[in-house]
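*Asks:*
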Amino acid sequence: MPKAGGSGHGPMRTVEKSKDFKGSMIRLFKSLGKWQALLIVSLLLAIFSATLSTIAPNKLSSLSELITEGIRPNTKNIEKLSNEIFKNIMINSHMDTSSQKSNNKNNKENQKQYKEFIVNFNKLPDTQKELLLSDIEIDNVKVSKKNQIKYLETLSEMSNTKVTNKFLNKLDSMPKSIKKIITPKMNLKEIKKRALILAIIYLSSSIFMFIQGFIMATIANNFAKNLREKISKKINKLPLRYFDSHETGDILSRVTNDVDSVAQNMNQSFATLVSSLTLFFGSIIMMFITNWIMASTAILASIFGFAFSFVLLKRSQKYFKRRQKELGELNGHIEEIYSGHNVVKAYNGEKSALKEFDKINDRLYDCNRKSQFLSGIMQPIMIFIGNFGYVAVCVVGSLLVMNDKTTFGTIIAFMIYVRLFTSPLSQIAQALTGLQSTAAASERVFEFLDEEELTSEEDKCEVLDIKDAKGNIEFKNVKFGYNQDKLIIKNFSANIKSGQKVAIVGPTGAGKTTMVNLLMKFYDINKGDIIIDGKNAKDLTRENIHDLFVMVLQDTWLFNGSIKDNIKYNKENISDKEIWKACHTVGIDHFIKTLPDDINTQVGDNDSISQGQKQLITIARGMIEKAPFLILDEATSNVDTRTEELVQKAMDKLTEGKTSFIIAHRLSTIKNADLILVMEEGNIIEQGTHDELMKKKGFYEKLYNSQFEKIA
Amino acid sequence: MIKIFKNFTKKDKLAVLFCIVLVISQVWLELKMPEYMSEITRLVQTDDSTMKEILTSGAYMLLCALGSLVTAILVGYISSKLSANFSRNIRKKIFEKVENFGIAEIKKFSTSSLITRTTNDVTQLEMLISMGMQMLLKAPIMAVWAVIKIVGKSTQWSMLTATGVLILLITDIFIMLVVVPKFSKVQKLTDKINDVTRENLTGIRVIRAFNAEQFQEKRFNDVNKNLTDIQMFNQRVFSSLSPIMTFIMHFQTLGIYFIGAYLIYDAGLVDKINLFGDMVVFSSYGMQVIMSFLMLTIIFMLAPRSSVSAKRINEVLEEEISIKDGDFVGDTQEKGTVEFKNVSFKYPDADEYLLKNISFTVNKGETIAFIGSTGSGKSTLINLVPRLYDATDGEVLVDGVNVKEYKRENLNNKIGYIPQKAVMFTGTVESNVIYGDNGKEKASKDKIKKAIKVAQARDFVEKMTGKYSASISRGGTNISGGQKQRLAIARAIARDPEIYIFDDSFSALDYQTDVTLRKELKKYTKDATSMIVAQRIGTIINADKIVVLENGECVGMGTHKELLKNCEVYKEIALSQLSEEELKNA
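As they're listed, the protein sequences go chains A and B. In terms of numbering that gives the first Met the number 0, the first sequence is residues 0 to 711. In terms of numbering that gives the first Met the number 0, the second sequence is residues 0 to 585.
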């Protein structure tokens, strides 16, 4: 019997391992039904969104390349200008330029000569300089002689034409026309275009993500609603046998905790897993496409970190499990001590309780601390891995840039890739545990939904109309046992005529409810027949039989609703007048009139309605139902004497004109009964009238007399 | 909320201070990193830099990263220790406090609520502390510092970041206003769906008997629909959160680059490269600012729940204990006597008295019984003896000494108390019977066996696997109610008390067991005094004295026969259980 403890399924449940992960996931997907297509759409959107996120850094890199292009001064134009000036001087001074040209091949030599030449040139007076120079036009910009002189003056102060801050500083002080030539050209138009593309990528990635989340929330919640509905329906289709062997708390936790867990995890895990995987592999691919050397660097730099954090994750998992266990234990201990508080105090058990508490509390402290520490440092470690990767990428990237193997934009792209690449791993791990719990929770839900249902009643052809029912019932050699191999009612026969009263007596726990179970067909009998007004109960539907019986049990079951709704329970066309009449008959009408909304007062959260009054309401509910048979549990525990009297009177009225089966607690009932069934340990051990049984001097006689016995 | 943190010790406070220092250095290190980053970018951009320079900057940056990691680990270590220690101490404090509670206080809070206060609520706070130490401390420091760093650099960039933060804040406020209030509604609806299901399960027989399955399903579906609708709304809103966040972050970066392009375009040649470096730095500082606000968001979401938890815990810790311990430890001359002198009782906050002016005496070896309808105060009365409640007026004397003067342990040593609902503890049959401490040696095996025999529990105990050392599961779920009750009685017997208190302890037993048990008990404890609360006339018919209670007042006192003659209420009760003829026979 799968009897799961109630305490284990509280809000602090550990991540359960599912028994058959794959099977459960397939089943889960299948049971999504019409939502399947939407789920796939949502997952595709997740992939889209993630793919866009991986493409984006590449675009950003090209954008930053464009910006970089706008930073470096146009060294080509500087060279061009210098050469032009030189050429002009040569021409104007009628020097041979051809020798210079041949010298051009040797760059270093050339530069040195050029510098010397400038130094010498600068020593000349300005008028002479002007004679040697001519106007130059580069990129449609005219550089005047004056500006050329200034240019040459500044140039002489520089050691070389490499881009350094000093160099740039000098350039800034150059005349306007020259600045115009050498100022880097930034392609703002192209930048605008690229930025727009990126904006579109980011925006659509976010929109996809939003739609995906929206759809997922829709699916998950509708699915959860559907599951809850199915469970609720299932409850009413299960045989009572199931409820007698399963705890209420267990079923409840399936309706709420497990369904919630399925919905929550489904909402988060599926999409996260898909998009994280896409991000992870996407960024690896994109990295390799962009630059394989740097890609290898980034991956290598991270692998060590990943390995380390996985070890940590495993370890913290262990402590988390232990933590759940200790929490459960502590919970149990506290529950025991708090609810047994009066005994703990009266027996001076406080010290030992505290000692035990301290023991568990210390253990809890230990794994609390460790699990929190280990899980808490996961994130810093991940950040460090990111930074480490970043530096590695920067260094290797710089090397490559210096050797002109790549551009600065690539470094920017990799800075993002490194982060993209390191973040999804922990998310993947999280999503996987999430899926594990989804599978485990859905298993528990499906297990419940798969429980064997009540046998189908489609083949039941007989109908006993309530108008034709007279109230005769006959038991013929009835055999019954809750287990097939252990009969507890062995061969019971009795013939009960319309209007007769059957009392069922026996000590507590003797199985008096067994009779109720059989009469109401809550359980099927193993052998024999129960004949109701000539019709075999086997051929009647349960619904039909239930219509023939009024049942009032000891536990005053009322639902959260108005008194009126509780009395007319599930019956239509019942006027308020009839309800008042029933209330009057059971003698609760005066009380109801004192309530703020009389019969519309809500029961449940209303403290002013006592246990006894609730019992009266259930009797009134029985009054409204017109049926030939009655099952009544007479017990009136927790009721004060006055109410008890009212209840008993009401019960007596209820039995009028009905064939009644009464679980007896009163001597008067027992004595007037037409048939007394004496039960012990589930068995009917004696049957007969009061006098017959007294004469027999058996169990009944002993039971009857025990209440007058004196203590010596 | 703040009140609960007064439970921090001086050492804890020092640890917090140390954590603050660590966090400040961590922030400093983390904000230093972008500077090296920008240095690296500048170096890569300019021609005259050497590999060595890049490596040096890289090494510095790594050093910062490592330093930040080390501080983070230290903070993590301290905060985990601090929070675990805090929760351990608070838990213990609550537990000790509850142990000192009287029934009145327990009832006021209800057991299940006390349990969640000791576990879930504490866990909630523990989470806040450990997360708070890492985030609550870091986020504002980081936000302020990062803002200071960037605020001078560029108005345009700063404006952009401010816009990002603003959108973030608006989203937060929207969620706070729209979604958070719905959380409590979700909780209520979840409770409701639980209720309806529980209702369906507990009333399964009635529902089937009335063919009301569909009626119940409809009730369920209504709640189910409401729950789904509201949860759907919440989750849909939440599903927009992540896209908005990533959108803000991406646009932040893109915007900084885009604005950067224009700034660089307009700048002088030297400034261009520097601006580019700034741009890289700024985009990472800007990200830090936004991340800090994100962290704050998480804390703000966590805080309301934690503050509710803190409030609930404080309520327990601040509850005044109504029953104060006495200091009488000496020996008494009288043994086994109980006297009530004009005792009245009401709950501290109640207007009406539950017990009014009750007086009686019971001597050694006598049996006194209390009968009356529910709410007549008989259980309350009997609970005044072991001081589960304290009398409001008048005196309760045990062995001639006021119960309030006794040191509780000494008083309890005289009493064997059996409550209405038998309490079993996890352990064995034996450990349950010798439970507690009565100031004497622990009962011997023989004595335990004897007690179990007298309590009519021997038959079933010997049938259990392991017999006397058979295990009893949590709450005693592996034995029946009647069996539990008998073991509870055995527990009292093994204690060897002067006074037995049976608070309606026989109702779970059938007539026969009830009779035999009391017969055997009488034989075993000739000298002990018994106080019995009962529902059945049969149980008390032979008591030396019966006290009849109605609405807290004593309306009759005497033996069964006397009361039948002169007490209307008693007669009424008796007649509701036995016929006149039977009463005469008895």
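We treat Cβ as the ideally placed atom computed from N, Cα and C, and that holds for glycine.
So, does the CB of B/Phe231 fall closer than 8 Å to a CB anywhere in chain A?
*Replies:* Correcting the residue type first, residue 231 of chain B is Met in the shown sequence and not Phe. At least one chain A Cβ lies under 8 Å of B/Met231.
*Asks:* Going along chain B in order, which residues have a C-beta closer than 8 Å to the C-beta of A/Tyr346?
*Replies:* Asn411, Tyr416, Tyr434, Gly435, Asp436, Asn437, Arg490 and Arg494
*Asks:* Along chain B, in chain order, which residues have C-beta atoms closer than 7 Å to that of A/Cys393?
*Replies:* Ile39 and Gly57
*Asks:* Note the first and the last residue of the continuous alpha helix (DSSP H) segment covering A/Thr593.
*Replies:* Asp588 to Thr593
*Asks:* Just checking my contact of B/Lys271 with B/Ile263 at CB under 8 Å: how many whole Å lie between their CB atoms?
*Replies:* 5 Å
*Asks:* Quick check on the DSSP output: the alpha helix (DSSP H) that includes B/Met244 runs from which residue to which?
*Replies:* Glu212 to Asp265
*Asks:* Answer yes if the region 295 to 302 of chain A comes into contact with the region 417 to 436 of chain A, meaning at least three C-beta pairs across the two stretches below 8 Å, and no otherwise.
*Replies:* yes
*Asks:* Measuring CB to CB, does A/Pro72 end up less than 8 Å from A/Leu170?
*Replies:* Yes; because the gap between Cβ atoms is below 8 Å, this pair is in contact.
*Asks:* Got a sec: which bits of the region 270 to 300 of chain B sit with their beta carbon under 7 Å from any beta carbon on chain A, in order along the chain?
*Replies:* Lys271, Ile272 and Phe275
*Asks:* B/Val568 and B/Val554 look like a contact to me (Cβ under 8 Å); what is the Cβ gap, rounded to whole Å?
*Replies:* 5 Å
*Asks:* Can a CB atom of chain B be found closer than 8 Å to the CB of A/Tyr201?
*Replies:* Yes, A/Tyr201 lies at the interface with chain B (some Cβ there is under 8 Å from its Cβ).
*Asks:* Helix, strand or coil: which one does DSSP assign to B/Asp330?
*Replies:* coil
*Asks:* Which same chain residues, not among the five before or five after A/Leu373, have their C-beta less than 7 Å away from its C-beta?
*Replies:* Leu311, Arg314, Ser315 and Tyr318
*Asks:* Mapping DSSP to helix, strand and coil, what is A/Val501?
*Replies:* strand
*Asks:* Report yes if the C-beta distance between A/Val515 and A/Ile630 is below 8 Å; otherwise report no.
*Replies:* yes
*Asks:* Would you decide whether A/Gln483 is buried or exposed? Buried here means 16 or more other CB atoms lie within 10 Å of its CB.
*Replies:* exposed
*Asks:* What separation, rounded to the nearest whole angstrom, lies between the Cα atoms of A/Ser338 and B/Thr110?
*Replies:* 6 Å
*Asks:* So which residues on chain C does A/Glu349 lean against when the C-beta distance must stay under 7 Å?
*Replies:* Judged by its chain identifiers, the structure shown contains no chain C, and its protein chains are A and B.
*Asks:* B/Ile591 and B/Ala533 look like a contact to me (Cβ under 8 Å); what is the Cβ gap, rounded to whole Å?
*Replies:* The structure shown does not extend to residue 591 of chain B, since chain B is modelled only from 0 to 585, so the question has no answer here.
*Asks:* Would B/Ser291 and B/Ala138 be called neighbours here (beta carbons separated by less than 8 Å)?
*Replies:* yes
*Asks:* Which one or two residues does DSSP pair with B/Ser370 in a beta bridge?
*Replies:* Here the sequence assigns Ile to residue 370 of chain B, which means Ser is not the residue at that position. Beta-bridge partners of B/Ile370 (DSSP): B/Val547.
*Asks:* List the residues of chain A that B/Pro303 touches, going by C-beta distances under 7 Å, in chain order.
*Replies:* Under the 7 Å cutoff, chain A gives no residues; its nearest Cβ is about 18 Å from B/Pro303.
*Asks:* Using 8 Å as the limit for Cβ to Cβ distance, is A/Ile137 near chain B?
*Replies:* no
*Asks:* Report the rounded CA-to-CA distance for A/Asn146 versus A/Thr153, giving the unit in angstroms.
*Replies:* 11 Å
*Asks:* Can you tell me whether DSSP reads A/Leu154 as helix, strand or coil?
*Replies:* Of the three classes helix, strand and coil, the one that applies to A/Leu154 here is helix, per DSSP.
*Asks:* For the region 239 to 250 of chain B, enumerate the residues whose C-beta is nearer than 8 Å to any C-beta of chain A, in chain order.
*Replies:* Ser239, Ser241, Pro242, Ile243, Thr245, Phe246, His249 and Phe250
*Asks:* So with Cβ pairs under 8 Å, would you call A/Lys104 a contact of chain B?
*Replies:* Bear in mind that the predicted position of A/Lys104 carries a pLDDT of just 47, short of 50, making it too unreliable to give a figure here.
*Asks:* Counting only Cβ pairs nearer than 7 Å, list the residues of chain B close to A/Lys188.
*Replies:* Neighbours of A/Lys188 on chain B: none; closest Cβ ~11 Å, over 7 Å.
*Asks:* Report the residues of the region 216 to 229 of chain A with a CB closer than 8 Å to any CB of chain B, ordered along the chain.
*Replies:* Within the region 216 to 229 of chain A, the residues whose Cβ lies closer than 8 Å to some Cβ of chain B are Ala216, Thr217, Ala219, Asn220, Asn221, Ala223, Lys224, Arg227 and Glu228, listed in chain order.
*Asks:* Just to confirm, are B/Thr189 and A/Ala223 a CB contact at a threshold of 8 Å?
*Replies:* No, the Cβ-Cβ distance between B/Thr189 and A/Ala223 is not below 8 Å.
*Asks:* If the cut is a Cβ gap below 8 Å, which residues of chain A does B/Glu351 touch?
*Replies:* Taking a Cβ-Cβ threshold of 8 Å, none of the residues of chain A is close to B/Glu351; the smallest such distance is about 15 Å.
*Asks:* Just checking: is the beta-carbon of A/Ala194 within a distance shorter than 8 Å of some beta-carbon in chain B?
*Replies:* yes
*Asks:* Flag A/Ser176 as yes if its beta-carbon sits less than 8 Å from any beta-carbon of chain B, otherwise no.
*Replies:* no
*Asks:* Could you tell me which chain A residues have their CB closer than 8 Å to the CB of B/Phe214, listed as they occur along the chain?
*Replies:* Tyr568 and Asn569
*Asks:* Please report whether the beta-carbon of B/Glu198 lies at a distance below 8 Å from any beta-carbon of chain A.
*Replies:* Contact of B/Glu198 with chain A is assigned, a C-beta pair being separated by under 8 Å.
*Asks:* Is any beta-carbon of chain B found at less than 8 Å from that of A/Val585?
*Replies:* Residue contact with chain B for A/Val585: absent (no Cβ-Cβ distance below 8 Å to any residue of chain B).
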